[in-house]
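Comments concern the structure below.
Residue numbers (my numbering): 553 to 735.
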């Protein structure tokens, strides 16, 4: 951990909002993208993102300086996203309208845009069919580009478990996309 980051953490632990903002600004896009990939749409991702940052700010006094700040922050975001997905699955009645829905209403401008949008929609639907752990592993490794050991750390499980989740998740995605690819 760099001295600058350590000092910002110390200041933020004493309630300095500016210091906390400086800490998270370098991770905010990645966390928002992670949340989007985990929950499936932008409005819910923004809610998860806000909840994660609030939880991080509130939990900062308990943060140990010998820990990695980015891992700690990502773990909070993954936990919030998993909890959100669990709540959504239990309720089954949450209304979802994503930014891509709005783009589809306006209509893509080229054949490639149409195909890209269709494939993105099919992939999102395929990801909905994964368990929370399979989706987390898929998103962290394939969409966020993290190594298996880093995903395992964030998911608080073994690398072998992540590999298992990835194997099952990829198989389910392959099956779900099979019909689309054949057409």
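C-beta: ideal position from N, C-alpha, C; glycine also. Please read these numbers as outputs of a predicted model, since none were measured by experiment.
Given residue i as reference, the closest of the options once Cα atoms are compared
i	options	result
residue 621	724, 716, 698 and 572	572
residue 688	628, 583, 606 and 703	703
residue 729	575, 682, 706 and 708	682
residue 810	725, 696 and 634	No information on residue 810 is available, as it lies outside the stretch 553 to 735 that the chain covers here.
residue 707	671, 623 and 619	623
residue 722	699, 678, 705 and 698	678
residue 578	595, 726, 560 and 716	560
residue 674	718, 725 and 712	725
residue 611	595, 639 and 562	562
residue 554	639, 711, 619 and 712	619
Closer than 7 Å to chain B by CB, residue i
i	result
residue 692	Of the protein chains in this structure there is only one, and it is not chain B.
Residue i and residue j closer than 7 Å at C-beta
i	j	result
residue 564	residue 604	no
residue 614	residue 684	no
residue 686	residue 720	yes
residue 601	residue 587	yes
residue 589	residue 691	yes
Cβ separation of residue i and residue j, assumed to be a contact under 8 Å, to the nearest whole Å
i	j	result
residue 584	residue 597	6 Å
residue 700	residue 693	6 Å
Own chain residues within Cβ distance below 8 Å of residue i, not counting five before or after
i	result
residue 576	583, 605, 608 and 625
residue 558	617
Contacts around residue i, its chain only, beta-carbon distance under 7 Å, and the 5 residues preceding and following it disregarded
i	result
residue 632	600, 603, 604 and 607
residue 591	597, 600, 633, 636 and 637
residue 698	692
residue 676	592
6 Å Cβ shell around residue i - same chain, five flanking residues per side excluded
i	result
residue 717	685, 686 and 689
residue 627	706
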